[in-house]
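Engineer:
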Amino acid sequence: MSQSRQETRELREQLQRAMGQIATLSTGTATSTQSTLPVAPVAPGQGTSTMSSAQDREKESSAQPEKLEENQTLLKAMVEEQHQTKVESASKYRIRLTGIALLNVFGNRGTVDNLDVPNLALPRGKLDTGGSFGATVRQSEVGFEVYGPTLAGARTSADMHLDLFGGFPDTADGVTAGLVRLRTATVRMDWARTSLVVGQDAPFFSPLSPTSIASLGYPAFSYSGNLWTWTPQVRLEHRVALSAANSILFQGGILDPLSGETPYEEFYRTPQSGEKSRQPAYATRLAWSHGDPANPFTIGIGGYYSRQDYGAGRTEDAWAGTADWSVPLGKWLGLSGEFYRGRALGGLGGGEGRSVVFSGPQADPNSSVVGLNSIGGWAQLKFKASEALEFNAGYGEDNPFARDLRYFGAPTSYGYSSVSRNQSGMVNVIYRPRTDLIFSLEFRHLDTTGIYAGKETANHVNLGVGVLF
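Residue numbers for the sequence shown follow numbering that gives the first Met the number 0, beginning at 0 and rising by one.
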């Protein structure tokens, strides 16, 4: 966005210079015409050359305004191309439209859980062909940013982001008509050192995700060590400047105690195990930053706790300890990543979306419950060759404890109950020839291991073409 503003400023400066040249030339031409009205006598033999030189100068002078007018027209067109029409809102406060129109063309080798954004490699079924090919625009996004009034000394703002990743209508070729889905929606109050944020957002104690245009519907390495689930929350942030180059960020808040279960009803919201506990989830994070504020060295640690109640006296404690880091390695390289260790974290994306395992049917009050321990994380190395070109390579892994999965012999759970490890590796290149145009090519490899079956593998290749707005 800053590069786009710089281009606009440069184009406007060029336009102003061109208009100034036209005005100067017009004044000079008028003065020259008035000064040449008295014609001096011409010596014999010099008339022809003098008249020829005058005609050449006259042609050159008449051609210059035409050339400048052409340049002016071109510059005006370029400025209009950069100009953005403001979005009008019902209130008097400014609103901005953002988003991306994105096409992903992809191919898979192997069987995966989700064709366009795969997370798991699955065993090949009897009717599977061993691969697939397709294209989609359902990872396109649209967002709204609102800038409100100053209240109690705080700047207020809000944003909401939607995509088309909410499933498919039950109709012919419904895969091309993705349903609208809410991603995030937040309201902020920002003071000089303190911020209050309410709404649905990524877990603030697990704030990072790998860079990928192939995986926008789910952040990259979902179910491979990335705790990502967008969750309703209320959080408070406080920043302390230790020096010009060092600062500390304190964060704390409450969240909806999600457990990873699918909704019981399609239109009515009934309480799930986390909400049946009658208390929110609690989380906190402490981060230290050093260096350039635009690209600092940052390391953070966090903690999470919630209670889950499955009825009939069956309760579990969900908890997590997290770490995150973002390390600049000179001007061109950067290393980032996250790590977690916890229990019953299906609601955040840990344990492949499972919080517990049951000894029998979940609805049977006689079935026993045990929380699923898991450990995971991811890391990414970024090479920024230029402002327009970057390369990324990353690896992520999520490892539910096999001892918990084998606790009841033949466990049952929501999701893929027998998966004991999921590993993902990716490399991609992202190219932005203009600030609003983006191209991406990504290769991803998946390894998924079950407690009873062997390792399943799959490869995914994804070409993305998008326009930012």
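Virtual Cβ for every residue (Gly too), placed ideally from N, Cα, C.
(1) Mind checking S48: buried by the 16 CB within 10 Å criterion, or exposed?
(2) Provide the residue span of the alpha helix (DSSP H) that contains A401, from first to last.
(3) In its own chain, which residues sit with a C-beta less than 6 Å from the C-beta of F407, not counting the 5 before and 5 after it?
(4) Return the CA-CA distance between A362 and G352, expressed in angstroms with no decimal places.
(5) In whole angstroms, what is the alpha-carbon distance linking L257 and R16?
(6) Work out the CA separation of P364 and S439 for me, nearest whole Å.
(7) Assign D162 to buried or exposed, taking buried as 16 or more other Cβ atoms, counted over all protein chains shown, within 10 Å of its Cβ.
(8) Using the beta-carbon count (16 or more within 10 Å), is P122 buried or exposed?
(9) If we call anything under 9 Å between Cβ atoms a contact, is L436 one with T97?
(10) Decide yes or no for the touch test of the stretch 150-160 against the stretch 188-206: beta carbon pairs closer than 8 Å, at least 3 of them.
(11) Among S90, R443, D403, R420, whose alpha-carbon lies nearest the alpha-carbon of V368?
(12) Do you know offhand how far G273's Cα is from G142's?
(13) Below 8 Å on the Cβ atoms is my guess for E441 versus S211; work out the distance and round it to an integer in Å.
(14) Flag this pair as touching only if the stretch 167-179 and the stretch 243-250 have three or more C-beta atom pairs under 8 Å; answer yes or no.
(15) Could you check the C-alpha separation between L235 and M188 for me, to the nearest Å?
(16) Just to confirm before moving on: does the CB-CB distance between Q199 and Q232 stay below 9 Å?
(17) Which partner residues does W227 have in the DSSP bridge list?
(18) Kindly indicate which residue of A286, Y146, K381, A171 has the alpha-carbon position closest to the one of A240.
(19) Are the CB atoms of H459 and P206 within a distance shorter than 9 Å?
(20) Looking at the secondary structure, which residues open and close the beta strand (DSSP E) in which S156 lies?
(21) Any idea if A42 is buried or exposed, counting beta-carbon neighbours within 10 angstroms, 16 or more meaning buried?
(22) Have a look at the DSSP bridge pairing and note the partners of G408.
(23) Between the C-alpha atoms of G133 and A171, what's the straight-line distance to the nearest angstrom?
(24) Can you check which of these residues, V355, G109, S131, is closest to S416 by C-alpha distance?
(25) Out of K330, S246, T183, W227, which has the shortest C-alpha to C-alpha gap to W377?
(26) Which value, in whole angstroms, describes the spacing of the CA atoms of V136 and V179?
(27) DSSP state of G346, grouped into three classes?
(28) Within the same chain, show all residues whose beta-carbon is closer than 6 Å to that of Y217, passing over the 5 residues directly before and after it, in chain order.
(29) Between L119 and T447, which are expected to be in contact by the criterion C-beta below 8 Å, what is the C-beta distance as a whole number of angstroms?
(30) From the DSSP secondary-structure annotation, give me the bridge partner or partners of N427.
(31) What span of residues does the beta strand (DSSP E) with L246 cover, start to end?
(32) Can you tell me whether S221 is helix, strand or coil according to DSSP?
(33) With burial defined as no fewer than 16 other Cβ atoms inside 10 Å of the residue's Cβ, what is the status of V111: buried or exposed?
(34) To the nearest angstrom, how far is the alpha carbon of E455 from that of P410?
(35) How is K454 classed by DSSP in three states: helix, strand or coil?
(36) If you count every other CB in all the chains shown that lies within 10 Å of the CB of Y451, and 16 or more means buried, which is it?
Structural biologist: Well, looking at it:
(1) With a pLDDT of only 46 at S48, under 50, the local geometry of the prediction cannot be trusted, and the value read off the model is given with reservation. So S48 counts as exposed.
(2) 401-404
(3) S358
(4) 19 Å
(5) 60 Å
(6) 50 Å
(7) buried
(8) exposed
(9) no
(10) yes
(11) D403
(12) 30 Å
(13) 6 Å
(14) no
(15) 10 Å
(16) yes
(17) None, per the DSSP bridge assignment.
(18) A286
(19) no
(20) 153-162
(21) Model confidence at A42 stands at a pLDDT of 46, short of 50, so the residue's coordinates are unreliable; what they give is reported in the following sentence. Answer is exposed; the Cβ neighbour count stays below 16.
(22) Paired residues: none, contrary to the question.
(23) 16 Å
(24) V355
(25) W227
(26) 12 Å
(27) helix
(28) V116
(29) 5 Å
(30) N391, E441
(31) Sequence check: residue 246 is Ser here, not Leu. Run containing S246: 245-254, per the beta strand (DSSP E) assignment.
(32) strand
(33) buried
(34) 20 Å
(35) strand
(36) exposed
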